[in-house]
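A.B. asks:
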Amino acid sequence: MTDALVLGLGALVVLIALIAIRMPIAYAMILVGGVGTMMLNGPALVLSQLKTLAYGQFSIYDLSVVPMFVLMGAIASKTGLSQALFRGANAWLGWLRGGTAMAAIAGCAGFGAVCGSSLATASTMGKVALPELKRYNYSGALATGTLAAGGVLGILIPPSVVLIIYAIIVEANIVTMFMAAFLPGLLAVVLFLLTIALYVTIKPEAGPKGGVADRKEFLEATAGMIPVLIIFGLVIGGIYFGFFNPTPAAAVGVFLVLLFGLLQRKLSGHDFIQALKETASTSGMIYLIILGAELLKIFMSRVGLPQETASWIANSGLEPMTVLILLLIALILLGCLMDSLSMILLVIPFFWPVLVEINGGIYQGAEGAGFGMSTEDLKIWFGVLALIVVELGLITPPVGMNVFVISSLDRETPMIETFKGVAPFFCAEILRVILLVCFPIITLWLPQVLR
Amino acid sequence: MSNTLKASSSGFTGAASRLITLWALLGGGVLLLVVAVNMLSIIGSVFGTPFPGDFELTEMGVAIAVFAFLPYCQLVGANVSADIFTAGASRRVIAFFTLLGSLVALVFALLLIWRMYYGMLDQKDYDYTTTILQIPHWMAFVPILISLALLALAALVTLLQDMTALSRGHH
Amino acid sequence: ADYEFKLHHFLGEKAPAHTQMLVPWAKQVEENSGGKVHIEIYPAMTLGGRPPELINQVRDGVVDLVWTVNGYTPGLFPRTEVFELPGIHTNDPAATNQALMDLYETDLKDEYKGVEVMFLHVHAGQAIHMRDTEVHSPEDLAGKKIRIPTRTGAWVIEALGASPVAMPVPELPPALQKGVIDGAFIPWEIIPPLKIQEQTEYQIEGVDKERFGTTTFQVSMNQERWNGLPEDIQKAFRDASGPEWIVKVGEIWAASDDFGIGLATKAGNTHITLTEEETEAFRQALAPVADRWVEEVSAKGIDGAALVEKARAAVASHSAN
Ligand code: NA
Ligand code: NA
Numbered sequence: 461m462t463d464a465l466v467l468g469l470g471a472l473v474v475l476i477a478l479i480a481i482r483m484p485i486a487y488a489m490i491l492v493g494g495v496g497t498m499m500l501n502g503p504a505l506v507l508s509q510l511k512t513l514a515y516g517q518f519s520i521y522d523l524s525v526v527p528m529f530v531l532m533g534a535i536a537s538k539t540g541l542s543q544a545l546f547r548g549a550n551a552w553l554g555w556l557r558g559g560t561a562m563a564a565i566a567g568c569a570g571f572g573a574v575c576g577s578s579l580a581t582a583s584t585m586g587k588v589a590l591p592e593l594k595r596y597n598y599s600g601a602l603a604t605g606t607l608a609a610g611g612v613l614g615i616l617i618p619p620s621v622v623l624i625i626y627a628i629i630v631e632a633n634i635v636t637m638f639m640a641a642f643l644p645g646l647l648a649v650v651l652f653l654l655t656i657a658l659y660v661t662i663k664p665e666a667g668p669k670g671g672v673a674d675r676k677e678f679l680e681a682t683a684g685m686i687p688v689l690i691i692f693g694l695v696i697g698g699i700y701f702g703f704f705n706p707t708p709a710a711a712v713g714v715f716l717v718l719l720f721g722l723l724q725r726k727l728s729g730h731d732f733i734q735a736l737k738e739t740a741s742t743s744g745m746i747y748l749i750i751l752g753a754e755l756l757k758i759f760m761s762r763v764g765l766p767q768e769t770a771s772w773i774a775n776s777g778l779e780p781m782t783v784l785i786l787l788l789i790a791l792i793l794l795g796c797l798m799d800s801l802s803m804i805l806l807v808i809p810f811f812w813p814v815l816v817e818i819n820g821g822i823y824q825g826a827e828g829a830g831f832g833m834s835t836e837d838l839k840i841w842f843g844v845l846a847l848i849v850v851e852l853g854l855i856t857p858p859v860g861m862n863v864f865v866i867s868s869l870d871r872e873t874p875m876i877e878t879f880k881g882v883a884p885f886f887c888a889e890i891l892r893v894i895l896l897v898c899f900p901i902i903t904l905w906l907p908q909v910l911r
Numbered sequence: 211m212s213n214t215l216k217a218s219s220s221g222f223t224g225a226a227s228r229l230i231t232l233w234a235l236l237g238g239g240v241l242l243l244v245v246a247v248n249m250l251s252i253i254g255s256v257f258g259t260p261f262p263g264d265f266e267l268t269e270m271g272v273a274i275a276v277f278a279f280l281p282y283c284q285l286v287g288a289n290v291s292a293d294i295f296t297a298g299a300s301r302r303v304i305a306f307f308t309l310l311g312s313l314v315a316l317v318f319a320l321l322l323i324w325r326m327y328y329g330m331l332d333q334k335d336y337d338y339t340t341t342i343l344q345i346p347h348w349m350a351f352v353p354i355l356i357s358l359a360l361l362a363l364a365a366l367v368t369l370l371q372d373m374t375a376l377s378r379g380h381h
Numbered sequence: 081a082d083y084e085f086k087l088h089h090f091l092g093e094k095a096p097a098h099t100q101m102l103v104p105w106a107k108q109v110e111e112n113s114g115g116k117v118h119i120e121i122y123p124a125m126t127l128g129g130r131p132p133e134l135i136n137q138v139r140d141g142v143v144d145l146v147w148t149v150n151g152y153t154p155g156l157f158p159r160t161e162v163f164e165l166p167g168i169h170t171n172d173p174a175a176t177n178q179a180l181m182d183l184y185e186t187d188l189k190d191e192y193k194g195v196e197v198m199f200l201h202v203h204a205g206q207a208i209h210m211r212d213t214e215v216h217s218p219e220d221l222a223g224k225k226i227r228i229p230t231r232t233g234a235w236v237i238e239a240l241g242a243s244p245v246a247m248p249v250p251e252l253p254p255a256l257q258k259g260v261i262d263g264a265f266i267p268w269e270i271i272p273p274l275k276i277q278e279q280t281e282y283q284i285e286g287v288d289k290e291r292f293g294t295t296t297f298q299v300s301m302n303q304e305r306w307n308g309l310p311e312d313i314q315k316a317f318r319d320a321s322g323p324e325w326i327v328k329v330g331e332i333w334a335a336s337d338d339f340g341i342g343l344a345t346k347a348g349n350t351h352i353t354l355t356e357e358e359t360e361a362f363r364q365a366l367a368p369v370a371d372r373w374v375e376e377v378s379a380k381g382i383d384g385a386a387l388v389e390k391a392r393a394a395v396a397s398h399s400a401n
């Protein structure tokens, strides 16, 4: 092993130590990447690169959809769109045992269709659905667990910030990735609904039947969901069917939710300022992590660690599937330490070359490929799998951000109850990963059809 | 003595916070302009007059907006960190750790001001412009440098807060 | 090796520019030096930053060598831009490469501040790719939305009465497929990596492979690094980048262009070669582009008209016929 590789591995240890002592992850990356490169090639090089690096990273065209989708989600959460969604879903599902929880899942899915982030979905739908679930005497565990898990749909259903970042790293087409994530996202909704059904079969007292809506309420509530369908149809449908590229589509999305909020007269000036502030803190956080990851990438490329890791694993003689499963498990474990975006930015530059190598190279077709599919398809399939497992960290102990968010909305339910309530959904997610691993067609079908 | 210091620092903190928040909102305004440019471009292309500059205005506008968000992000502590390993630590220790974070932010902001100032001079000297509209890139660096100065200010504010927490220890 | 170099560029490691041009060039330098030189090539921006930053990176010594597109930093190489204009480069990249190097010595050298140019080159030239429009005259392009590569490319499209649309290359396939744009001005060599044959029906070029402008590239070294090298090492680089190599680079790019159009015709696309008369109509329509450029650069104190003449003459002197 060369000195440079030792330095690279040492830097990874320091990075983890810094993160463990609460250094913001972005700054930990900046520090390790910057200082590491200075130690390797001298300070002048880093200082020169810093003249334009940040401006270059922040002005990447493909990334411009991120702050716009964040803004769209932030405005959407103030417009009463979430209430309308939940009310509509509850009109359809509320009469079932556990139906109000199911409506919360459906509401999360609907909101996820206009919002690119998991936490925003969890907190927005949580505020709307938690009081209702309480009103129908749902158990704290089921109520909070449902919402913490449902929040994950914010990122699993396009648009999705993490998926955009993944697409940029591996040079995949964002549109294709959005198409690929759609059916697996629906599968998540179905499995979550089944989970609730099973839960209330075993524990009927946890999820009583809600009031059956009368015909008038049913029709009104159903009509209330139409704006979301229109917005999703125009924005994501517009992207799928190629009417516009993701960035203009996101602009249309911002415009539409703004218009909806103004028409509903629900969006006050204060709400709007609040939405801008949320956009500022979320987007600033994301871009700072992107900059940190770029500095770290520069350092790691210079020491040659990703290249070494790729050839080492490729020569280890492990079966392709074994490697894939090990990588997915590693991502789940890393979820204890890092947020999903940092993980994707830090780990994919290491993992992706490995998979390409095993599959037979960047231009490998389906025939004779390690995974039995072309590298282009592997890119799509692995992206969706990685997206799911990095998001699992949001609902698993010790750090489950969605669980924290929902817990802060419901002081009565101890956090341990929420983690218990989330456990069945976690199992559903694992089942989903297994299904997607065994049947790649679920992920790859829609991009093939729409292409 | 210590009381007057505290009072002035809290006045300073308050003014800094308002300034930083206002700057972030201006950044939000720039983002809304980018949205408007993209909407105009869509409308234009529907009516057969596409606007080829939308692409570079988006790039430049988003960069300016995001830099304007960074100080606010530091101020409100939006930068994600993992707190599980130190969950059991005393408040003093935690205050010390967060102080380290603020210190790194401060140093980084100052470093970037220095480097990106030279970056701006480079853009000027070598006449870097966007492709279609030929907007000089150095113009974007002006608001960005202000953002970085405010990032340093924000880091200073959080640093002072951490120091107060550290000196009180039990609070 | 005694002398280590990092060569940074923006394309993937499977791109012909990497495998057929940069790798053989680096090997030749290493060989010329008797093993004293080692050049490590970093593709796909692995050493950080965005493609437009490559030129700063080499100037500031972040990396030792870069291969980059001059048009990424418009305004930086105003004189070299003359070679992008329609009517300068016609159909032979090898000839244009040699003309570029001739003018480099006499006129262009000063704009490459802070770098030592190893060699300059062009691609085979912009051709027209259309979704579903058969093009035989500039009128056929009227009102069409066409993707542009550079600012001079935008002028070309405007001169033809079409609307220029700027978009990153990876967005091209879906935009073509769904009709967000009607066509694109790019060389044939981009057909295979982006599968352009699946989104277009017509590939159009002028008589005898005549194209409508091109793009200029450079391989350059950090100036201080170069100045600090002993003569024998400098010679190793120079010998690998001489006139023969420049011609070879032209052949490499022409060959990957031929491969691209071959792929498209095999997929059933129509390859239209305009007749002499039809090509002449395009030449007439595009004549104002050079004038526009001359006027534009005169603001920078450049005698554009003289450069256009020199460039044209130099290309002609190197052309086979
Ligand atoms: Na979403
Ligand atoms: Na977790």
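Protein chains in written order, with our numbering: chain A, 461 to 911; chain B, 211 to 381; chain C, 81 to 401.
The beta carbon of each residue, even a glycine, is placed where N, CA and C say it ideally should be.
#1: If Val-622(A) sits next to Leu-847(A), beta carbons under 8 Å apart, how far is it from one beta carbon to the other, in whole angstroms?
#2: Using beta carbons (cut-off 8 Å, strictly below), is Ser-204(B) in contact with chain C?
#3: Ligand 1 and Ser-867(A): does any heavy atom of the ligand fall closer than 7 Å to the residue's C-beta?
#4: Going along the chain, which unbroken runs of the alpha helix (DSSP H) with 4 or more residues stay wholly within the stretch 172-212 of chain C?
#5: Using only CA atoms, which one of Arg-892(A), Arg-871(A), Pro-907(A) lies nearest to Glu-446(A)?
#6: Using DSSP with H/G/I as helix, E/B as strand and the rest coil, what is Glu-93(C)?
#7: Hey, out of Thr-873(A), Pro-644(A), Ala-709(A), Lys-839(A), whose CA is closest to Ala-569(A)'s CA?
#8: Using a Cβ distance threshold of 8 Å, determine whether the stretch 693-703 of chain A contacts the stretch 240-251 of chain B, with at least three qualifying pairs required.
#9: Considering only heavy atoms of ligand 1, does any lie closer than 7 Å to the CB of Cys-568(A)?
#10: Val-635(A) versus chain C: which residues are under 8 Å apart at the beta carbon?
#11: At a threshold of 7 Å, does Pro-218(C) count as lining ligand 1 (C-beta to nearest heavy atom)?
#12: Can you list the residues of chain C that Ser-508(A) reaches, using a CB-CB cut of under 7 Å?
#13: Does chain A have any CB closer than 8 Å to the CB of Pro-260(C)?
#14: With a threshold of 8 Å between beta carbons, is Leu-156(C) in contact with chain B?
#15: If you measure from the beta carbon of Leu-643(A) to each beta carbon in chain B, is any gap under 8 Å?
#16: Are at least three pairs of beta-carbons, each pair with one atom in the stretch 321-336 of chain C and one in the stretch 160-168 of chain C, less than 8 Å apart?
#17: Tell me where the alpha helix (DSSP H) around Gln-298(C) begins and ends.
#18: What is the rounded straight-line gap between the Cα of Leu-215(B) and the Cα of Ala-305(B)?
#19: Closer than 8 Å by C-beta to Gly-381(C): which residues in its own chain qualify, once you throw out the five before and the five after it? Chain order, please.
#20: Taking the alpha-carbon positions, what's the Ile-840(A) to Ile-624(A) distance?
#21: Just to confirm, does Cys-898(A) get its C-beta within under 7 Å of one of the non-hydrogen atoms of ligand 1?
#22: Determine the closest residue to Gly-239(B) out of Gly-605(A), Pro-503(A), Gly-777(A), Leu-531(A), with distance taken between C-alpha atoms.
#23: Is there a Cβ of chain A sitting closer than 8 Å to that of Asp-335(B), yes or no?
#24: Applying a beta-carbon distance threshold of less than 9 Å, which residues of chain B neighbour Ser-243(C)?
#25: What does the alpha-carbon distance come out to for the pair Ala-391(C) and Asn-150(C)?
#26: For Glu-779(A), tell me which candidate among Gly-586(A), Phe-732(A), Val-814(A), Ile-746(A) has the shortest Cα-Cα distance.
#27: Measuring CB to CB, does Ala-234(C) end up less than 8 Å from Arg-291(C)?
#28: Residues of chain C with a CB under 9 Å from the CB of Phe-351(B): which are they?
#29: Is it buried or exposed for Arg-871(A), if we count other Cβ within 10 angstroms and need 16 for buried?
#30: Once the 5 residues before and after Ala-607(A) are set aside, which same chain residues still bring their CB inside 7 Å of it?
#31: Ordered along the chain, which non-local residues of its own chain (more than five positions away) have a Cβ less than 6 Å from that of Gly-752(A)?
#32: For Ile-382(C), which of helix, strand or coil comes out of DSSP?
#33: Give the DSSP-derived three-state secondary structure of Lys-346(C) in the structure shown.
#34: Please confirm whether Glu-872(A) has its beta-carbon closer than 8 Å to some beta-carbon of chain C.
#35: Secondary structure at Tyr-487(A), three-state DSSP: helix, strand or coil?
#36: Counting only Cβ pairs nearer than 7 Å, list the residues of chain B close to Tyr-521(A).
C.D. replies: Reading it off the structure:
#1: By a beta-carbon distance limit of 8 Å, Val-622(A) contacts Leu-847(A). Their separation comes to about 6 Å.
#2: Residue 204(B) falls outside the range modelled here, since chain B spans only 211 to 381, and no answer is possible.
#3: no
#4: 173-183
#5: In this structure chain A extends from 461 to 911, so residue 446(A) is not present and cannot be described.
#6: Looking at Glu-93(C) - three-state DSSP - the assignment turns out to be coil, as it is neither helix nor strand.
#7: Pro-644(A)
#8: In short, these stretches do not touch, since the Cβ pair count stays below three.
#9: no
#10: Pro-254
#11: no
#12: Asp-140, Gly-141, Val-142
#13: The question names Pro, but residue 260(C) is Val in the sequence shown. Judged by the 8 Å Cβ criterion, Val-260(C) is in contact with chain A.
#14: yes
#15: no
#16: no
#17: Here Gln-298(C) belongs to no alpha helix (DSSP H); instead the beta strand (DSSP E) covers 296-302.
#18: Unreliable placement is indicated for Leu-215(B), whose pLDDT of 41 sits below 50; no coordinate value is reported for it.
#19: none
#20: In a straight line, the C-alpha of Ile-840(A) is about 12 Å away from that of Ile-624(A).
#21: no
#22: Among Gly-605(A), Pro-503(A), Gly-777(A), Leu-531(A), the Cα nearest to that of Gly-239(B) belongs to Leu-531(A).
#23: no
#24: Going along chain B in sequence order, the residues near Ser-243(C) (Cβ under 9 Å) are Ser-255, Gly-258, Thr-259, Pro-260, Pro-262.
#25: 17 Å
#26: Val-814(A)
#27: no
#28: Per Cβ cutoff of 9 Å: no residues; Phe-351(B) is ~13 Å from chain C at best.
#29: exposed
#30: Per the sequence shown, residue 607(A) should be read as Leu rather than Ala. Counting only Cβ-Cβ distances below 7 Å, and skipping sequence neighbours, we find Ala-564, Ala-582, Met-585, Gly-586, Ala-589, Leu-590, Ile-866.
#31: Ala-486, Met-489, Ile-490
#32: coil
#33: helix
#34: no
#35: helix
#36: Phe-265, Thr-268, Glu-269
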